Each structure stands twice: as C-alpha cells, then as structure tokens.
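**Student:** Let me give you the structure first, and then I'll get to my questions.
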Amino acid sequence: MSASARFARFGGGYGRMSTSQHASSFSYSITRPYPYRWFTPVVVVGFIVFTILFSFLNLVTSGYTLVVQQSADPNATMANNGVWSRHIPAFLTNKVQPSCQTVNVPLGSELFTNQTALTYTLTDVWQPSGGGAAAGNGVAPSLTYFNNILENCTVNSVEIDYAAMDRTASQFAYSEWGAVVRTYATCSIVGTNGTTNFNVTQEYDYVPSDVSAMTLYTFLGTNFLSRNKTSKSSLFWGESLMSMYWAFSTYQMQNIRANQTSNNQPAVRKGTMYFYPNTNKVVSNMTDPDFFQCDFRFIIDKSLGNYDIVYPGSYGEYKEHTQLSTLLSMQAYPNIWQDADILAKAAYSTVLADLGQSSARSNILLDPDQLKYFTANFSEARHNIANAYPGPAVRQYGTEQSGPLGTTPSTLSASYLCQVPQRKSIGNLLISVLVADLVFLQVVCRLMTLSPT
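And the structure:
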C-alpha cells in the first residue's frame, strides 16, 4: 500500500476522531473585557459606594437586637433610642424601633406625680361620655396610662378630721389632738381612647399612727416624698403651711377643750369639717374667708355616754351657717374656723401645685402676696404648738432664701416595660454585616454580568 493510501486511510480517520468530544453536565461562560476605557474606574468606585451603602443599611437593619428595660419616662426612652429614625425610612427599621407598654393602675392603688411630693389613692376612673363616676356607665376598674399630662385638675373638697383620745400613745406624745386632712380631686388625661377622668384622694396626717416617739421635738418631714426649696419652692412652702397649721390648729383644739373642762363644761371630743369651694359666689382671692363654705359636725362629750352634736343648724339657718364669714363673726363654738380654714387652703393649694395646675382659679403657692399673707403668722404659730415641730420653713415667706414660685405640668410616676435596640457585639456585628454585604454585592456583580446581554 502506498504512503498516500495509508495517509488517506489513517489520517482521515484520525481527523474525524479528534472532533468527537465528551459533553459534561457542568459548563462555564466565556468572558471578555468590556470595550470601555472608563468602565474599570466606574466599577471600582461603584464597588466602594455599594459596599458603604450596603454596610450602612445592613448595620441599621441587622446590627441591633431588642432588649427589655424598665423606664420611668417612656417618651424620652423611645426618643433617645430610635435607630436612625429621623434619617431612615421606618420600613427599614421597624423591627428595631423602641416601644413601651402602657401601665394599668388598678383602683385603690397609691401613686404620686413626677413632682414627688404627696401620695394619692386612685378611687374612680370613667369616660366622660359615660355619665360620670356615679352613673355607672363607662366606669373602668383601672386607669390605662402612658405618661399623659394631667389636665383640668380640680379640688372638689377638703375634709379635716380632728380627734383627741382615739389616737396612739406615740401620737399623743406629740399632740393631745391630731388632724387628718383629706383632699378630694378630679383630673383628666387625653390618650388613644380619648379623654379619661379619674378621682384621687390625698390623706395628710403630720403625726401618723406609725410615728416613733424617738423623733420628738424635731421636724418630722412626713407625708412629702421629697423637698427642694430652690427648684420646687411652691411645694416647699406648701409643706411648711400644712405642717405649721396642722400643729397650730391641733394645739388650739387642745386649748379649747381644756378651757371647757376646766370650767366643768362639756367639751369637744372630735369633729369633722368639710370645706368646698363657695357655690353662692365666685371668690378668686384666697384671703377672703368666703372662698370656702364649710359643713361640719362636732361631738360634745357630756360624760356618762351622753353626747351632743354641733352642726350648722345648731346656730340657726343651715346654709347661712356654712359661710365661714358668718361663723367667724359670731365666734361660734368651737372657734377653730380660721385656723382650720388656712389648713384647708394650704392643702387645696399644695395638691393643685403637685398636680401641675398652674392655671387654677386661685392658689396661695403661686401668688407671692398671698403666700406672704398666710405665712405672716408663722412666728406666733411656731410658739403655740405642742411637741409636733413643723417645717421645713418656720418664718414668713420672703425672709429666707427660696426659689421662684410656680409649678410645671405633672405626670403620674410609673415604671414602664420598654423594648429598646441594643447594638450587637463587635464580632457578631462584623459577621452579620459582612455576610449581608457579600450577598448584596454578588447580586450587583450578577446584574453587571447580565447587562451586556
């Protein structure tokens, strides 16, 4: 066989065998450079920009976790813990937005305001559209509260219970007579469910039943949670007025009883005085004795289990003798009207100041002239007390340094359960952001690859 024949036989066959290839299940794409000179710097810059952008977004969306904490001011907690809330759309940060739950204050709970002065008891809660607390419509078993400002607070009445023998031995060591001052107030709040009204009762006894005799001849400082003569001057003077006229009026009751018994006359054993804003005329100046009307009951001990009761009708026409100006002018027995009236006005003003009501009809503690008038008798009163020493101020307003009078809006003090964002640890933060960045950058690269086709 010639060489050409062998070549044709084997060469041709070899050529046909070389074009037959195996087809794998896997494949790869053929790449080629983009034909634009500007493309490389654009890609580099874009890569940097996208990396920064994705890192920022991933930091916001996945760099924080929600943790639970207690807060006394939920509004400030949510405002101070918002993750980029002022600059990033809410849909990106909705999973890590801070939130706080409302609190439910059951009836009968004790509470106080952010002024940290007096303590109150919650007695009624109702919706105004329900007809009021007495109507039974819209009445709630608790107050749903979320740091709402207390609005339209009014003092409905002030009740003073004077008593002598029915007190503990420790109380008797301070003063033979004692007094419990109860102030009844109504406030409203505006929330997501509209307006809600509620009643609170404040009870003040400068020498309470649990007082220790070890603190005789000192300022007790009871009933008030805190005091500051500079930043809370009005409440500082309110406490001073209440304690001074508690001590002074109880000492006067002691003297009234002693004068009667020394002359072998029946004497007062206990009594209740019920002060309420004058319904016959509007009186804005609290120095006017007719600012309040006063209903009262005094029990006269005639011994051997016999008692008389003194009430407005004992002196003549009932309504006429609920006017303090009438009782003062006739010096009706027991002649405690003026001192008790000042104590009631002090409680009235202090409660309104503690509830943050700067626009009240009248308030001793917001008017320097009226406060000076009602403290002018401090020096005399201070020397006509038993062993319950009042305070913290014992001199007339203006004779000692204190801050400006006034009050600020009040809220009820409560502890709120909040969820606030907390940044992850550095290690977890880097890993979560890096993984998320790689995913997003891979998507960008894929889009760049597909764009020419």
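All the letters of the sequence shown, read from the start, carry residue numbers 13 to 465 under the working numbering. Backbone N, C-alpha and C define an ideal beta-carbon position, used for all residues, glycine too. Since the structure is predicted, the reported quantities are computational estimates derived from the model, not experimental observations.
Have a look at Ser92 and Gly203 and give me their C-alpha separation to the nearest angstrom.
**Tutor:** Looking at the sequence itself, residue 92 is Asn, so the reference to Ser does not match. Taking the straight line from one Cα to the other gives about 22 Å.
**Student:** Hey, which unbroken runs of the alpha helix (DSSP H) at 4 residues or more fall wholly within the stretch 375-445?
**Tutor:** Those alpha helix (DSSP H) runs which fall completely within the stretch 375-445 and span 4+ residues are 380-386, 390-394.
**Student:** List the whole-angstrom C-beta distance separating Ser182 from Ala225, where the pair is believed to meet the contact cut-off of C-beta under 8 Å.
**Tutor:** Sure, about 5 Å apart at Cβ, within 8 Å.
**Student:** Hey, would you say Ser169 sits closer than 8 Å to Tyr257, going by beta carbons?
**Tutor:** Result no, Cβ atoms of Ser169 and Tyr257 do not sit closer than 8 Å.
**Student:** If you compare alpha carbons, which of Lys357, Trp138, Asn87 is closest to Tyr385?
**Tutor:** Out of Lys357, Trp138, Asn87, Lys357 has the C-alpha closest to the C-alpha of Tyr385.
**Student:** Could you tell me the distance, in whole angstroms, from the CA atom of Glu251 to the CA atom of Ser361?
**Tutor:** Rounded to whole angstroms, Glu251 to Ser361 spans 10 Å at the Cα level.
**Student:** Between which two residues does the alpha helix (DSSP H) containing Trp349 stretch?
**Tutor:** Looking at the DSSP string, the run of the alpha helix (DSSP H) that includes Trp349 is 349-366.
**Student:** For the alpha helix (DSSP H) containing Phe124, name the first residue and the last one.
**Tutor:** Segment: none, Phe124 is in no alpha helix (DSSP H) and carries neither H nor E.
**Student:** Taking the alpha-carbon positions, what's the Ser473 to Leu446 distance?
**Tutor:** With the chain running from 13 to 465 in the structure shown, residue 473 is simply not present.
**Student:** Let me make sure I understand the geometry here. Which of Thr230, Arg239, Met90 has the alpha-carbon closest to that of Leu78?
**Tutor:** The candidate whose alpha carbon is nearest that of Leu78 is Met90.
**Student:** Ends of the alpha helix (DSSP H) at Tyr186?
**Tutor:** It spans 181-186 - the alpha helix (DSSP H) in which Tyr186 sits, taken as one unbroken run.
**Student:** Would you report the Cα separation of Trp50 and Gln109, rounded to the nearest angstrom?
**Tutor:** If you take the alpha carbons of Trp50 and Gln109, they lie about 43 Å apart.
**Student:** Within its chain, find whatever has a CB closer than 6 Å to the CB of Glu171; leave out the 5 residues flanking it on each side and keep chain order.
**Tutor:** Around Glu171: Arg194, Tyr286.
**Student:** Can at least three beta-carbon pairs, one atom from the stretch 361-372 and one from the stretch 239-255, be found at a separation below 8 Å?
**Tutor:** Yes, since at least three Cβ pairs between the stretch 361-372 and the stretch 239-255 fall closer than 8 Å, the two stretches touch.
**Student:** Do Arg269 and Met177 count as a contact pair if the criterion is CB distance below 8 Å?
**Tutor:** Result no, Cβ atoms of Met177 and Arg269 do not sit closer than 8 Å.
**Student:** For Ile312 versus Pro278, is the C-beta distance shorter than 8 Å?
**Tutor:** Yes, Cβ-Cβ distance for Ile312 and Pro278 is below 8 Å.
**Student:** Does the count of Cβ pairs from the stretch 379-395 and the stretch 202-221 closer than 8 Å reach three?
**Tutor:** Judged by Cβ distances under 8 Å, the stretch 379-395 makes no contact with the stretch 202-221, as fewer than three pairs qualify.
**Student:** Do Ser221 and Thr156 have their CB atoms nearer than 8 Å?
**Tutor:** Their beta carbons are not under 8 Å apart, which means Ser221 does not touch Thr156 by this criterion.
**Student:** May I ask you to report which of helix, strand or coil DSSP gives Gln264?
**Tutor:** In this structure, Gln264 counts as helix in the three-state DSSP scheme.
**Student:** Where do the ends of the beta strand (DSSP E) carrying Pro86 lie?
**Tutor:** No beta strand (DSSP E) contains Pro86, which is instead part of the alpha helix (DSSP H) from 86-92.
**Student:** The beta strand (DSSP E) with Leu78 in it runs from where to where?
**Tutor:** 76-83 is the extent of the beta strand (DSSP E) around Leu78.
**Student:** So the beta strand (DSSP E) Leu134 belongs to, where does it begin and stop?
**Tutor:** 132-138 is the span of the beta strand (DSSP E), which, as asked, contains Leu134.
**Student:** My understanding is that Asp307 touches Pro324, with C-beta atoms under 8 Å, so please give their C-beta distance in whole angstroms.
**Tutor:** Correct: roughly 6 Å between the Cβ atoms.
**Student:** Using only the alpha-carbon positions, how far apart do Leu336 and Ala344 sit?
**Tutor:** Using only the alpha carbons, I get a separation of about 10 Å.
**Student:** So what does DSSP say about Gly317, is it helix, strand or coil?
**Tutor:** If DSSP states are grouped into helix, strand and coil, Gly317 belongs with coil.
**Student:** If you check the beta carbons only, do Cys112 and Cys457 fall under 8 Å apart?
**Tutor:** No, Cβ-Cβ distance for Cys112 and Cys457 is not below 8 Å.
**Student:** Looking at the structure shown, is Ile311 part of a helix, part of a strand, or coil, going by DSSP?
**Tutor:** Of the three classes helix, strand and coil, the one that applies to Ile311 here is strand, per DSSP.
**Student:** Let's see if you can read the secondary structure: which residues bound the beta strand (DSSP E) around Met285?
**Tutor:** Per DSSP, Met285 belongs to the beta strand (DSSP E) from 279-289.
**Student:** Between which two residues does the beta strand (DSSP E) harbouring Thr213 extend?
**Tutor:** Start and end: 206-216.
**Student:** To the nearest angstrom, how far is it from the Cα of Trp189 to the Cα of Tyr428?
**Tutor:** So the two alpha carbons sit approximately 42 Å from each other.
**Student:** Alpha carbon to alpha carbon, how far is Val55 from Leu65? Give it in angstroms, no decimals.
**Tutor:** Cα to Cα, the separation comes out at about 15 Å.
**Student:** By DSSP's criteria, Asn116 is part of a beta bridge. Which residues make up the other side?
**Tutor:** Paired residue(s): Thr156.
**Student:** Assuming Thr419 and Ser370 make a contact with CB atoms under 8 Å, what is their CB distance in whole Å?
**Tutor:** Between Ser370 and Thr419 the Cβ distance is about 5 Å, and since that is below 8 Å, they are a contact.
**Student:** By Cβ distance below 7 Å, which residues in the same chain neighbour Ala20 in space, the five residues on each side in sequence not counted?
**Tutor:** Caution applies to Ala20, whose pLDDT of 48 falls short of 50 and renders its modelled position unreliable; the value that the coordinates give is listed next. Taken in chain order, the list of residues that qualify is empty.
**Student:** Since Ser154 and Val137 are thought to touch, with beta carbons under 8 Å apart, how far apart are those beta carbons, to the nearest angstrom?
**Tutor:** The Cβ separation is near 7 Å, so the contact holds.
**Student:** Please confirm whether Thr198 and Cys165 have their CB atoms less than 8 Å apart.
**Tutor:** It is a contact, given that the beta carbons lie within the stated cut-off.
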